[in-house]
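Participant: Mapping of the sequence shown onto the numbering used here: residues 24 to 395, in sequence order. From the three backbone atoms N, C-alpha and C, an ideal C-beta is built for every residue, glycine too.
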Amino acid sequence: MANFNTVFVTGGAGYIGSHCIVELLEAGYSVIAIDNFANSVNGEHGEAPSLKRVEQITGKPVIFYQCDLLDKSKLEEIFSKHKIDCVIHFASMKAVGESMQVPLLYYKNNIVGTINLLEVMKQNNCYQLVFSSSCTVYGNPEYLPITEEHPTGDVTNVYGRTKYFIEEMLKDISAAEKNWNIISLRYFNPVGAHPSGLIGEDPTKAFTNLMPYMAQVAIGNKESLTIFGGDYDTVDGTGVRDYIHVMDLASGHVAALDKLNKEHLRLKVYNLGLGTGLSVKELVHEFEEVTGVHIPYALGPRRVGDVDSLVCDGSLAVTELQWQPKYDVKMMCRDFWRWQTMNPNGYRSETATAAKLNGTTLAVNGKQLNGH
Ligand code: WQD
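(1) Please specify which runs of the alpha helix (DSSP H), each continuous and at least 4 residues long, are wholly inside the segment 129-187, giving them in chain order.
(2) Please determine whether the Cβ atom of F251 lies at a distance below 7 Å from any heavy atom of ligand 1.
(3) Relative to ligand 1, is the shortest distance from any of its heavy atoms to the C-beta of N294 smaller than 7 Å?
(4) Among E224, F251, G253, which has the Cα closest to the Cα of Q239?
(5) Where DSSP assigns a beta bridge to T231, which residues make up the other side?
(6) Which whole-angstrom value describes the C-beta separation of G22 and D329, a residue pair presumed to lie in contact below a C-beta threshold of 8 Å?
(7) Would you decide whether T374 is buried or exposed? Buried here means 16 or more other CB atoms lie within 10 Å of its CB.
(8) Under 7 Å from any heavy atom of ligand 1, does the C-beta of T175 make it?
(9) Considering only the beta carbon of each residue, do N294 and R209 sit closer than 8 Å?
(10) For I107 versus Y88, is the C-beta distance shorter than 8 Å?
(11) If you draw a straight line from the alpha carbon of Q363 to that of Q146, how long is it in whole angstroms?
(12) Whole-angstrom Cβ separation of Y266 and N212, contact assumed at under 8 Å?
(13) Note down the Cα distance separating L233 from Y129, rounded to an integer number of angstroms.
(14) Quick check: the Cα distance between E309 and K353, rounded to an integer number of angstroms?
(15) So for T383, helix, strand or coil by DSSP?
(16) Kindly indicate the opening and closing residues of the alpha helix (DSSP H) around S103.
(17) What is the rounded straight-line gap between the Cα of T257 and the Cα of E246?
(18) Runs of 3 residues minimum, wholly inside the segment 188-241: which ones carry the beta strand (DSSP E) assignment?
(19) Measuring only from the beta carbon, is D358 closer than 7 Å to any heavy atom that is part of ligand 1?
(20) What does the Cβ neighbour count give for G34, buried or exposed, with the cut at 16 atoms within 10 Å?
(21) Please confirm whether any heavy atom of ligand 1 lies closer than 7 Å to the CB of C5.
(22) On a CA-only basis, which of V269, R184, H173 is nearest L127? Give me that one, please.
(23) Consult DSSP for F87 and reduce its assignment to one of helix, strand or coil.
(24) Establish whether the CB of A216 and some CB of chain B are separated by less than 8 Å.
(25) Quick one, which of D94, D195, I250 has its alpha-carbon nearest V303's?
(26) Based on the DSSP secondary-structure assignment, which residues constitute the bridge partners of D329?
(27) Enumerated in chain order, which unbroken segments of the alpha helix (DSSP H) with a length of 4 residues or greater are wholly contained in the segment 239-286?
(28) For L301, which residues in the same chain have their Cβ closer than 7 Å to its Cβ, ignoring the five residues on either side in sequence?
(29) Would you mind working out which of W203, Q347, Y255 sits nearest G323, comparing C-alpha positions?
(30) Taking the C-alpha atoms as reference points, what is the distance between F31 and D259?
(31) Can you grab the Cα-Cα spacing for the pair C43 / V119, in whole Å?
(32) Quick one: what's got a C-beta closer than 6 Å to G394's C-beta in the same chain, skipping five residues either side?
(33) Taking the CB atoms as reference points, tell me whether N204 and L339 lie closer together than 8 Å.
(34) Where does Y38 sit, in a helix, a strand or coil, going by DSSP?
(35) Under 6 Å Cβ to Cβ from P226, same chain only, skipping five residues before and after it: list those, please.
(36) Give every residue of the same chain whose Cβ lies closer than 7 Å to the Cβ of V432, excluding the five residues on either side of it in the sequence, and list them in chain order.
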């Protein structure tokens, strides 16, 4: 049996990465994180504000390097400095719309970046990997709820295709070389934030996902929400998704690592979702109820590439990974809202807002951070 201690996390400063690092540290792992700040806020000296907050939450250090996966020599340098037992690979460009406009950039970043990572892992005799995949690999589902056996590949956008191609690559390498031990986690729709309100979703690119957009409307940064399509074949005509609290997603990664630690699987795939479908209108209603803030909305046309419903069968992760999701939709809304109201400008203008934890005000950077 392997004995993991040090986890290398790519995309560690991002939304899912930072939440996962909290869970990893709390489970006793040491973490070395990298990020290129393509879609996360960077600090003045190349540090990651999100990971500073992670250190505050956990009281434990995170070793961080600003590093792009396309910079293979830097990656090699980091691997040579540390003894890395396993890798969680989050780093990825992930905007569906943008991926259709600049496909080459997506293919290069996501696929070449992953190849570099896999090569450096191999050079260093590190074959344990948790890969951040997506329900988008299922395309327009043939049946619901979606099990892991559902066909993949008929994907409606370039971003999704990069995830699909990487999954195929992982299949091939794990079939060819028996050392690899890989879990690919197909996320449904991650939302929410750490219950402390100290870390949350703060993309540096435009908000396009439903919950962050809705929260922007709620705090008055945007006028109203446009619901993309009211004529889907769903309970109320609006799109149905399987929302999952980001802390449940994070604990799913720790459960996956524990599994890899115990068993040599070569390659396994698990859905991470609650198996509960919620329409856009239902989520808006829940959000209004939890926050007490009215969300004005207008029905607009469908968004290209969207599907009616995506709901998973998440039972395999529950039984085989002993993963226990703990958060319901009200907690997802509550925690996202707490993060949003405590940090109206995210990690950026730390002067305007002092984040509070248990009544104590955090001393935060007095200057506007780079790039904003
Ligand atoms: C949810 C629902 C929209 C915004 C994406 C990726 C997927 C995954 C998670 C990523 C849909 C509707 C949205 C708005 C709206 N993985 N909506 N108005 O598209 O289900 O999934 O994020 O990394 O791969 O595709 O998430 O939050 O954008 O949309 O009506 O302003 O909300 O049409 O029904 P999506 P989403």
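Facilitator: Once the coordinates are examined:
(1) Within the segment 129-187, the complete alpha helix (DSSP H) runs of at least 4 residues fall at 136-146.
(2) Looking up residue 251 in the sequence shown gives position 228. Checking the Cβ of F251 against ligand 1 gives yes.
(3) Along the sequence shown, one-based indexing puts residue 294 at 271. No - ligand 1 has no heavy atom lying nearer than 7 Å to the Cβ of N294.
(4) Residue mapping note: residue 239 aligns to position 216 of the sequence shown, counting from 1. Of the candidates E224, F251, G253, the one whose C-alpha sits nearest the C-alpha of Q239 is E224.
(5) Residue mapping note: residue 231 aligns to position 208 of the sequence shown, counting from 1. T231 pairs with nothing; no bridge assigned.
(6) Nothing can be reported for residue 22: it is not among the residues displayed for the chain, which extend from 24 to 395.
(7) On the sequence shown, residue 374 is found 351 positions in, with the first residue counted as 1. Residue confidence is low: T374 scores 32 on pLDDT, short of 50, so the model does not pin down where it sits. Its coordinate-derived value is still stated next. It is exposed - the Cβ of T374 has fewer than 16 other Cβ atoms within 10 Å.
(8) For the purposes of this step, residue 175 is taken as the residue at position 152 of the sequence shown. No, since every heavy atom of ligand 1 falls outside the 7 Å radius drawn around the Cβ of T175.
(9) Numbered from its first residue, the sequence shown carries residue 294 at position 271. Numbered from its first residue, the sequence shown carries residue 209 at position 186. Yes.
(10) Taking the first residue of the sequence shown as position 1, residue 107 is located at position 84. Taking the first residue of the sequence shown as position 1, residue 88 is located at position 65. Note that the C-beta distance between I107 and Y88 is not below 8 Å.
(11) If you number the sequence shown from 1, residue 363 lands on position 340. If you number the sequence shown from 1, residue 146 lands on position 123. Each residue's Cα considered, the two are about 42 Å apart.
(12) To locate residue 266, count along the sequence shown from 1; it is residue 243. To locate residue 212, count along the sequence shown from 1; it is residue 189. Contact flag correct, Cβ pair sits at about 5 Å.
(13) Numbered from 1 along the sequence shown, position 210 holds the residue referred to as residue 233. Numbered from 1 along the sequence shown, position 106 holds the residue referred to as residue 129. Their backbone Cα atoms lie some 22 Å apart in a straight line.
(14) Numbered from 1 along the sequence shown, position 286 holds the residue referred to as residue 309. Numbered from 1 along the sequence shown, position 330 holds the residue referred to as residue 353. Rounded to whole angstroms, E309 to K353 spans 7 Å at the Cα level.
(15) One-based indexing of the sequence shown puts residue 383 at position 360. Because T383 sits at a pLDDT of 35, beneath the cut-off of 50, its placement in the model cannot be relied upon, and the following sentence gives the value as read from the coordinates. The answer is strand: DSSP assigns T383 an E or B state.
(16) Taking the first residue of the sequence shown as position 1, residue 103 is located at position 80. Here the alpha helix (DSSP H) through S103 covers 95-104.
(17) Stepping through the sequence shown from its first residue, residue 257 is reached at position 234. Stepping through the sequence shown from its first residue, residue 246 is reached at position 223. Taking the CA atoms as reference points, T257 sits about 26 Å from E246.
(18) 204-210, 212-214
(19) To locate residue 358, count along the sequence shown from 1; it is residue 335. The answer is no for D358.
(20) For this step, residue 34 is matched to residue 11 along the sequence shown. Result: buried.
(21) As shown, the chain starts at 24 and ends at 395. That puts residue 5 outside it, with no answer to give.
(22) Position 104 of the sequence shown, counted from the first residue, corresponds to residue 127. Ranking the options by Cα distance to L127, first place goes to R184.
(23) What you label residue 87 is simply residue 64 of the sequence shown in a count that begins at 1. Strand.
(24) The displayed structure is made up of one protein chain only, and chain B is not part of it.
(25) For this step, residue 303 is matched to residue 280 along the sequence shown. The shortest C-alpha separation from V303 is found at I250.
(26) Here residue 329 refers to the residue found at position 306 when the sequence shown is read from its first residue. DSSP output for D329 lists no bridge partner at all.
(27) 269-285
(28) Start at 1 with the first residue of the sequence shown, and residue 301 comes out as number 278. Cβ neighbours of L301 beyond the five flanking positions: V263, R264, Y266, V352.
(29) The count along the sequence shown starts at 1 and reaches residue 323 at position 300. Of W203, Q347, Y255, the residue nearest in Cα terms is Y255.
(30) Along the sequence shown, one-based indexing puts residue 31 at 8. Along the sequence shown, one-based indexing puts residue 259 at 236. Going from the Cα of F31 to the Cα of D259 covers about 43 Å.
(31) In the sequence shown, counting from the first residue as 1, residue 43 sits at position 20. In the sequence shown, counting from the first residue as 1, residue 119 sits at position 96. Their Cα atoms are separated by approximately 23 Å.
(32) For the purposes of this step, residue 394 is taken as residue 371 along the sequence shown, with counting starting at 1. Here the model assigns G394 a pLDDT of 28, short of 50, so the residue's position is not dependable, and the following value carries that caveat. Same-chain partners within the cutoff: there are none.
(33) If you number the sequence shown from 1, residue 204 lands on position 181. If you number the sequence shown from 1, residue 339 lands on position 316. Not closer than 8 Å, so no.
(34) Translated into the one-based positions of the sequence shown, residue 38 becomes position 15. In this structure, Y38 counts as helix in the three-state DSSP scheme.
(35) Counting from 1 along the sequence shown, the entry for residue 226 is found at position 203. Taken in chain order, the residues that qualify are N62.
(36) In the structure as shown, the chain begins at 24 and stops at 395. Residue 432 is therefore absent and cannot be evaluated.
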